[in-house]
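Each residue of the sequence shown is one higher than the one before, starting from 1 at the first, in the UniProt record's numbering. Even glycine gets a Cβ: it sits at the ideal position worked out from N, Cα and C. These notes concern the structure reproduced below.
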Amino acid sequence: MPSLRTRLFHVYARLIRPMTLGVRALVENEKGDILLVRHTYIGGWHMPGGGVERAEPCEEALRREILEEGGIILTGPPRLIGIYSNHVSFPNDHVIVYHVTPDIWQAGKATAHGEIAEARWCSPADLPEGTTQGTRLRLEEVYRGAAPSPYWGGQKP
């Protein structure tokens, strides 16, 4: 069950944004490991990312979020993986996922304060316990050739 803080955020988001849009990044390093983060306000391990603000291009939101959460500075254009409906978690929510390969980023300093409990590089074949279903499904699609689903969590609402 989501925390009170998470539920209040969802109510607030519904009031100010009838449709929500988020971005996530599948960030790889030169060893082939991927970056996952654990937030302080919601459970599980996720690809870094977050909400797209009003009048903000999606790629700019991605740049902002991966710098905040992982200290990742984009130096080239990320590749679009897909757009997914996340209506099970939040009605009318969508998530855009980009692939950030080692040749288009450099390490910087994470700028988020209090939002990220932990960040970790791990093998896509050895994910930490608690990795979210949406994250697992995207990794299966990218690394194992699984059939893409239009739904973030793999299920219709």
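| Check | Outcome |
| --- | --- |
| Start and end residues, alpha helix (DSSP H) containing Gln133 | Gln133 to Arg144 |
| Anticipated Cβ contact below 8 Å, Val23 with Ile72, distance rounded | Incorrect: roughly 13 Å between the Cβ atoms, too far for contact. |
| Burial state of Asn92, where buried means 16 or more other Cβ atoms lie within 10 Å | exposed |
| Outcome for Thr75 when other beta-carbon atoms lying within 10 angstroms are tallied against a minimum of 16 | exposed |
| Per-residue burial, Leu8 [other beta carbons within 10 Å of its own, 16 or more giving buried] | exposed |
| Ile34 versus Gly44: straight-line alpha-carbon distance, rounded | 15 Å |
| Whole-Å CB distance - Glu28 paired with Val100, under 8 Å assumed | 7 Å |
| Whether Met47 touches Leu36 by CB criterion (8 Å) | yes |
| Other residues of its chain near Glu141: CB distance less than 7 Å, five sequence neighbours each side excluded | Pro148 |
| Nearest neighbour of Gln26, chosen from Val11, Pro128, Tyr143 and Val88 [CA to CA] | For the record, residue 26 in the displayed sequence is Leu; it is not Gln. Checking every option, the nearest Cα to that of Leu26 belongs to Tyr143. |
| Identity of the residue in Leu139, Lys109 and Glu68 nearest Ile81 by Cα | Leu139 |
| Beta-bridge pairing of Ala107 - partner residues as DSSP gives them | Ile72 |
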